[in-house]
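> First the structure, which I've put down as structure tokens, then a few questions once you've had a look.
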Amino acid sequence: MLTPLSIPSPPVEWQGLNIAAWLQSTFGWTLPFPLDIRTYALCILVGIVLAIIIASRRLTRRGAEPGVILDIVLWCVPLGIIGARVWHVLTHPGDYFYEGADPWEVVRIWNGGIAIFGSLVGGAVGAWIGCRLSGIRFWTFADAIAPAMLVAQAAGRFGNYFNHELFGQPTTLPWGLEIEFSNPAFPAGLPEGTLFHPTFLYEIIWNLLGVAVLLLLERKLTLQWGKLWGVYLIWYGLGRSYFETIRVDPSEIILGVRSNVWGAWLAILVGIVIIVVQTRRHKGLEPSPYRPGAEWVPPSAEVDSSNTYTDEELEGEEAPAATENETIEPSATSEVGAKS
9 MLTPLSIPSP PVEWQGLNIA AWLQSTFGWT LPFPLDIRTY ALCILVGIVL
59 AIIIASRRLT RRGAEPGVIL DIVLWCVPLG IIGARVWHVL THPGDYFYEG
109 ADPWEVVRIW NGGIAIFGSL VGGAVGAWIG CRLSGIRFWT FADAIAPAML
159 VAQAAGRFGN YFNHELFGQP TTLPWGLEIE FSNPAFPAGL PEGTLFHPTF
209 LYEIIWNLLG VAVLLLLERK LTLQWGKLWG VYLIWYGLGR SYFETIRVDP
259 SEIILGVRSN VWGAWLAILV GIVIIVVQTR RHKGLEPSPY RPGAEWVPPS
309 AEVDSSNTYT DEELEGEEAP AATENETIEP SATSEVGAKS
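Residue numbers 9 to 348, in this note's numbering, belong to the letters of the sequence shown in order.
Structure follows, in structure tokens:
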């Protein structure tokens with residue numbers, strides 16, 4: 009029985025709009041191809057836009073040219089989408105590789121099926137390419153986009169809510185999610201009116217809490233050289249490793265563990281490695297968001313020789329670390345700590 013505080017699923021009609029059918033019924037126009045606007049896609053698009061805005065402002069505060077992030081995301085987004093699709097297909101082989109299967113279904117991403125861990129891999133490759141072309145340090149970009157990624161992922165999870173999918177196990181908690189009995193994903197054998205864990209909501213809350221944690225740690229510890237990105241991987245991996253275990257949707261099982269749990273554990277491991285390695289390699293602060301020789305100088309900036317680094321000082325690609333009793337004044341291309 010549904011409880012007064014249970015979370016109702018939105019109407020099925022809210023999952024998207026069939027533009028072709030609407031034009032046919034309203035104006036009598038017939039399109040030669042299907043045209044749908046999916047709410048899930050809009051949620052992902054909103055997340056991408058928010059991430060770009062947030063990361064762009066963070067990069068600009070570090071001394072990067074305004075708008076330079078667009079040169080990077082032009083590589084990040086397409087490769088991130090490709091990576092997300094490839095990861096999903098490889099971790100759900102039974103849905104795509106069987107006798108009589110349509111091989112083109114592998115590329116029909118509009119039918120659903122993407123994975124965040126694949127998008128991280130593909131997006132990282134795109135970021136590396138974009139950073140090489142724009143002159144931005146890869147790790148500076150990674151740190152700038154770390155909290156923005158959590159915001160984007162929170163927005164994307166609303167798409168699961170509209171799609172009535174990826175919900176958790178049955179629960180008697182008052183905030184259980186209502187799922188219609190006719191839903192193909194409704195577990196067999198359970199009575200109509202069963203409530204389920206709203207895993208989409210759990211992850212949204214976890215991600216937004218993570219934004220606050222990352223910004224606080226960045227401010228207190230001045231995390232640079234990719235270390236904030238490492239914290240992001242650890243935070244997201246910890247949350248996802250739990251939320252994934254209470255979901256009821258089918259998943260490839262490897263050694264008794266869901267494939268995305270393995271992905272979450274890998275993210276945690278990579279995050280730890282990044283923090284350890286970068287802490288050992290870089291004792292000082294980033295002298296600039298740009299690689300040596302690729303710096304951008306604002307048109308109105310005045311060069312102060314006392315606040316610039318020589319080629320010898322930039323050889324290690326880092327500014328000297330501040331002691332307890334001294335601070336480092338930022339130059340036109342250097343900023344101590346990323347303000348948030």
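Note that CB positions come from ideal geometry on N, CA and C, so glycine has one too.
Since we're looking at a predicted model, the values are computed, not measured.
1) Jot down the residue ranges of each uninterrupted alpha helix (DSSP H) in the region 225-280, minimum 4 residues, whole runs only, in chain order.
2) Helix, strand or coil for Pro155 per DSSP?
3) Less than 8 Å between the C-beta atoms of Val85 and Gly126, yes or no?
4) With DSSP as the reference, identify every bridge partner of Tyr298, one or two as the case may be.
5) Below 8 Å on the Cβ atoms is my contact criterion, and I expect Glu294 with Thr148 to pass it. Report the Cβ-Cβ distance as a whole number of Å.
6) Using a 10 Å radius around the Cβ and a threshold of 16 neighbouring Cβ atoms, would you call Val57 buried or exposed?
7) Would you be able to state if there are at least three C-beta pairs under 8 Å between the region 131-150 and the region 223-243?
8) Here's the rule: buried if 16 or more other CB atoms are within 10 angstroms of the residue's CB, otherwise exposed. What is Ser142?
9) Which ranges does the beta strand (DSSP E) cover as unbroken runs of at least 3 residues, wholly within the region 24-102, from first to last along the chain?
10) For Phe105, name the three-state secondary structure that DSSP assigns.
11) Considering Cα atoms alone, identify which of Ala272, Glu186 and Asn171 is closest to Gln177.
12) Given a cut-off of 8 Å on the beta-carbon distance, is the pair Gly247 and Glu211 in contact?
13) With distances taken between CB atoms, is the gap from Ile52 to Gly131 smaller than 8 Å?
14) Determine the contact status of Leu223 and Pro300, defining contact as a CB-CB distance below 8 Å.
15) So, for Lys228: in the same chain, excluding its five sequence neighbours on each side, which residues have a beta-carbon less than 8 Å away from its beta-carbon?
16) Tell me the rounded alpha-carbon separation between Arg289 and Ala135.
17) Determine contact between the region 157-174 and the region 190-209, defined as no fewer than three beta-carbon pairs at a distance below 8 Å.
18) For Ile122, which three-state DSSP category applies?
19) Pull up the distance between the alpha-carbon of Ile60 and that of Val281, whole angstroms please.
20) Where Trp214 and Thr34 are concerned, what is the direct C-alpha to C-alpha distance, given to the nearest angstrom?
21) Do you know how far the Cα of Gln286 is from the Cα of Asn168?
22) Helix, strand or coil for Glu186? Go by DSSP, reduced to three states.
23) Which one of Gly55, Val54 and Ile77 has the shortest CA to CA distance from Arg65?
24) Would you call the CB atoms of Leu181 and Tyr240 closer than 8 Å?
25) Assign Phe149 to one of three DSSP states: helix, strand, or coil.
26) Give me the Cα-Cα distance between Arg116 and Gly238, rounded to the nearest whole angstrom.
27) Going by Cα to Cα distance, which pick from Ile27, Arg46 and Leu50 is closest to Leu39?
28) Could you work out which residue in Leu98, Leu25 and Gly24 is closest to Ser259 when comparing CA atoms only?
29) Only counting the same chain, and skipping five residues up and downstream in sequence, which positions put a Cβ closer than 7 Å to that of Thr47?
30) If you count every other CB in all the chains shown that lies within 10 Å of the CB of Asn268, and 16 or more means buried, which is it?
With the given structure in hand:
1) For the region 225-280, whole alpha helix (DSSP H) runs of length 4 or above, ordered along the chain, are 235-251.
2) helix
3) no
4) Paired residues: Ile144.
5) 6 Å
6) exposed
7) Yes, the region 223-243 touches the region 131-150.
8) Taking a 10 Å sphere around the C-beta of Ser142, we find 16 or more other C-beta atoms and assign the residue as buried.
9) 24-26 and 44-46
10) coil
11) For Gln177, the closest of Ala272, Glu186 and Asn171 by C-alpha to C-alpha distance is Glu186.
12) yes
13) no
14) no
15) none
16) Going by the C-alpha atoms only, they are around 21 Å apart.
17) Two segments are said to touch when three or more pairs of C-beta atoms, one from each, lie closer than 8 Å; by this definition the region 157-174 touches the region 190-209.
18) coil
19) 26 Å
20) Approximately 43 Å, taken between the alpha carbons.
21) 36 Å
22) Under the three-state reduction of DSSP, Glu186 is assigned to strand.
23) Ile77
24) Cβ distance not < 8 Å, so Leu181 and Tyr240 don't count as in contact.
25) helix
26) 33 Å
27) Closest option to Leu39, Cα to Cα, is Ile27.
28) Leu98
29) Correct list, in chain order: Trp22, Gln23, Gly24, Gly167 and Phe170.
30) buried
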